[in-house]
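Converting from the sequence shown to my numbering requires adding 61 to each position, the first position being numbered 1.
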Amino acid sequence: MTDQEQIETLRKELRAHNHNYYVLDTPTISDYEFDHMLKQLQELEQNHPEFYDPTSPTLRVGGAVTKNFETMVHDHRMYSLDNSYSKEDLEDWEKRIERVLGDVEVAFTCELKYDGASISLTYENGQLARAVTRGDGTQGDNVTTNIKTIKSVPLRLKGDFPSKFDIRGEIVLPFEGFEQMNKERIANGEEPYMNPRNTASGSLKLQDSALVAQRPLDCLLYGIVGPNTGIESQWQMLDKARGWGFKVPTVAKLCKTTQEVMAFIDYWDIHRHDLPYETDGVVIKVNSLQQQDELGFTSKSPRWAMAYKFKSEQVSTVLNEITYQVGRTGAITPVANLEPVLLAGTTVKRASLHNADQIAKLDIREGDTVFVEKGGEIIPKIIKVDLAKRPVGSEAANYIDQCPECETELTRTEGDAKHYCTNYYGCPPQITGRIQHYISRKAMDIEGMGSETIELLFKEGLITNYADLYTLTKEQVVPLERMAEKSAENLVNGVAASVQIPFERVMFALGIRFVGETVAKKLAKAYKNIDALMAASEEELVAVDEIGERIARSVVEFSRNETNRETIDRLKGYGVQFSLSEEQLENQTDTLKGLTVVVSGVFETVSRDELKKLIENNGGKVGSSISSKTAYLVAGDKMGPSKRTKAEGLGVPIITEQEFLAML
Ligand code: AMP
Ligand code: ZN
């Protein structure tokens with residue numbers, strides 16, 4: 062055998078053993094033999110760099126170091142899931158589905174909801190091309206080098222796979238491996254990790270892939286997206302993925318009736334505790350992909366899937382002290398500082414008490430024993446007080462009336478649940494909070510700068526608002542604590558680069574109360590530049606689609622403020638984008654103004670997402686289901702029959718993709 066042949070044989074065999082061991086859980090050789098073969102391959106590869114293969118099993122041990130994870134846009138957006146907490150919620154969901162699909166059979170695939178870090182793997186010609194974290198759903202971090210070290214992720218596929226597709230899954234850390242890691246940390250005098258989920262997602266962002274390789278991470282897959290996959294149902298998808306070499310949990314079940322779905326939930330609510338990893342619910346998906354297509358998505362999640370969250374565990378502990386936090390909007394949040402307690406795999410030390418009413422409602426006092434629950438979210442909740450254990454002589458909690466940070470008298474407007482510190486320009490956490498928001502990922506995404514840096518820069522008197530960021534020099538930053546020459550340079554460059562961020566994100570970054578990402582986008586599109594927006598009256602703003610009175614009032618208040626106007630003038634001077642780009646403007650028309658258009662099926666020249674964007678860019682609204690208000694139904698290939706019947710019944714014009722494009 063030539064060396065090349067031997068390399069290829071070893072790679073093939075090791076791949077098969079990897080699959081047997083990590084995916085199928087049925088090894089056919091000893092660890093010793095495996096290690097021996099791996100070492101042999103390593104040596105041969107070292108002598109023959111010309112036979113390099115990016116999918117070689119030797120790459121599993123890691124070694125590549127990533128300094129900065131590149132941001133990558135997902136080809137297909139990664140959506141969230143809607144949550145339900147009761148069987149009634151689920152029944153309501155099923156009724157909504159029936160309403161859209163009409164009188165047809167609907168089957169469901171039930172899967173467990175694994176609690177880890179979501180990941181999207183892209184395969185091209187059967188090879189792992191990249192692995193990207195969910196990020197904000199639209200774009201995430203390229204963590205391919207780290208993912209390659211996870212043994213259950215196939216680097217090369219078997220069988221008859223599509224030439225290009227994305228597969229989604231969850232990176233999890235089994236309890237056993239997590240506990241082992243913590244044992245070692247404690248032995249080394251290090252703080253133990255909080256919970257498997259956070260440790261799994263933290264692992265993906267480690268710079269040294271050799272460290273990732275040492276962690277017993279696993280990757281469980283559940284969904285394929287891409288064109289021409291030839292897949293017709295969720296159930297078939299799971300099956301095919303398994304065949305190509307992916308680790309797809311076998312506990313999934315295809316259910317024909319609601320009763321079967323409920324039985325699956327009841328069974329796993331109990332038996333999930335026997336599983337090696339954390340699960341926090343069941344995901345129920347409409348099985349037929351054609352039906353999924355007809356149901357479509359809301360702005361956040363698919364209408365064809367629903368997560369059912371298991372009831373969370375409760376524990377009791379002592380409330381030591383109530384402290385108060387000031388947010389970037391000046392909102393005060395009372396925080397319960399608890400005697401540390403273990404809950405669902407996490408040590409809980411603090412819990413939010415939300416507001417004064419909540420404290421009154423719970424009648425919670427310092428020294429009380431309380432019941433704490435962890436829902437699906439990271440932040441635990443206090444459910445109730447164990448009155449039987451209330452210490453004698455305990456006194457009702459006294460809500461603060463002054464800001465704990467700047468001593469300003471707190472105000473509470475009618476209708477507001479929270480108390481506010483109105484010292485907008487003088488209250489430290491509000492000042493730093495706004496700047497932290499400005500630099501954050503979904504806003505200006507300034508690299509090389511974190512929340513702590515902002516606090517430091519503020520403490521040193523170098524910045525008091527976000528415009529000041531643009532005046533920072535390397536010489537000012539270097540002397541700061543923990544700042545090296547290089548990081549100071551990155552910081553200054555990061556700020557300079559942010560002038561490229563498009564107007565809609567700048568609108569979000571400004572931190573105007575109630576102006577979230579979606580609203581910022583709407584405003585940017587409607588007004589096209591900041592001057593027009595800041596000149597708008599409340600009445601004009603309310604006329605914009607989806608802008609309510611509360612938002613309008615807040616925008617006007619922001620715009621009238623002299624300090625804000627000055628800050629924005631300064632930002633303009635630094636080159637920050639305050640109008641839509643030429644390109645964005647060029648493609649915008651009012652052709653479809655006031656019209657709702659529904660798209661359904663598969664299209665030829667443009668993708669579904671591009672079609673939707675076209676509708677919005679031309680002033681129209683994308684509708685999700687057909688009603689008498691629908692102006693057009695753009696019908697592609699494989700459109701659901703019920704949509705057609707409904708459109709015909711209501712006299713909604715059905716047009717082809719070509720007709721629609723011609724219209725624009
Ligand atoms: P959420 O983060 O609560 O919106 O829930 C959505 C997330 O659940 C997805 O991004 C996945 O990472 C995760 N997930 C875990 N198991 C599944 C599953 N079987 N099907 C779909 N999503 C799942
Ligand atoms: Zn204050």
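By construction, the Cβ of each residue, glycine as well, lies at the ideal position given by its N, Cα and C atoms.
Everything numeric in this text was worked out from a predicted model, so none of it was measured.
Starting from residue i, trace the alpha helix (DSSP H) both ways and give me its first and last residue.
i	result
residue 554	546 to 558
residue 328	319 to 332
residue 774	Past the edges of the chain, shown from 62 to 725, lies residue 774, and the structure says nothing about it.
residue 535	535 to 538
residue 371	From DSSP, residue 371 is part of no alpha helix (DSSP H); its letter is neither H nor E.
residue 512	512 to 520
residue 412	Looking at the DSSP string, residue 412 is not in any alpha helix (DSSP H); the run it does join, the beta strand (DSSP E), is 407 to 413.
residue 315	Unbroken run through residue 315 is the beta strand (DSSP E), 314 to 316; no alpha helix (DSSP H).
residue 158	148 to 162
residue 717	Here residue 717 belongs to no alpha helix (DSSP H); instead the beta strand (DSSP E) covers 715 to 717.
residue 93	92 to 108
Exposed or buried, which one is residue i when buried takes at least 16 other CB atoms within 10 Å?
i	result
residue 719	exposed
residue 699	exposed
residue 331	exposed
residue 579	exposed
residue 298	buried
residue 724	exposed
residue 348	buried
residue 638	buried
residue 486	exposed
residue 448	exposed
residue 113	exposed
residue 586	buried
residue 452	exposed
residue 547	exposed
Look at the alpha carbon of residue i and the alpha carbon of residue j, and state the distance between them as a whole number of angstroms.
i	j	result
residue 228	residue 139	11 Å
residue 717	residue 681	17 Å
residue 403	residue 255	10 Å
residue 600	residue 610	8 Å
residue 501	residue 511	8 Å
residue 245	residue 237	13 Å
residue 437	residue 373	Note that residue 437 scores 46 on pLDDT, short of 50, meaning its location in the model is unreliable; the coordinates nonetheless yield the value given after this. Looking at the two C-alpha atoms, the distance is approximately 8 Å.
residue 423	residue 641	49 Å
residue 513	residue 473	30 Å
residue 126	residue 539	26 Å
residue 215	residue 561	38 Å
residue 352	residue 701	7 Å
residue 282	residue 629	46 Å
residue 635	residue 346	49 Å
residue 213	residue 83	5 Å
residue 481	residue 465	11 Å
residue 121	residue 247	27 Å
residue 615	residue 697	42 Å
residue 515	residue 543	13 Å
For residue i, which residues does DSSP report across the bridge?
i	result
residue 680	Per DSSP, none; premise fails for residue 680.
residue 420	Answer by DSSP bridge pairing: none, since residue 420 is not bridged.
residue 201	133
residue 482	The partner list for residue 482 (beta bridge, DSSP) is empty, contrary to what the question assumes.
residue 363	358
residue 640	590
residue 279	233
residue 386	394
residue 698	663
residue 194	180
residue 561	DSSP, once it has assigned bridges, lists no residue as partnering residue 561.
Check for me: the beta strand (DSSP E) holding residue i runs from which residue to which?
i	result
residue 185	178 to 185
residue 430	430 to 434
residue 175	169 to 175
residue 445	442 to 446
residue 496	Run containing residue 496: none in the beta strand (DSSP E); it sits in the alpha helix (DSSP H), 489 to 500.
residue 612	Run containing residue 612: none in the beta strand (DSSP E); it sits in the alpha helix (DSSP H), 610 to 621.
Determine, using beta carbons only, whether residue i comes closer than 9 Å to chain B.
i	result
residue 618	Given the protein chain composition of this structure (a single chain), no chain B is represented.
Closer than 8 Å is the cut-off here; do at least three beta carbon pairs connect the region 183 to 198 with the region 150 to 165? no
Flag this pair as touching only if the region 357 to 372 and the region 118 to 136 have three or more C-beta atom pairs under 8 Å; answer yes or no. no
Three CB pairs or more closer than 8 Å across the region 293 to 308 and the region 216 to 225: yes
For the region 193 to 210 against the region 150 to 158, are there 3 or more C-beta pairs whose distance is under 8 Å? no
Under 8 Å, with one C-beta from each stretch per pair, do the region 89 to 108 and the region 175 to 188 reach the 3-pair mark? no
Please confirm if the region 645 to 664 is in contact with the region 672 to 690, defined as three or more CB-CB distances below 8 Å between the two stretches. yes
At least 3 beta-carbon pairs within less than 8 Å: the region 612 to 624 vs the region 583 to 598: yes
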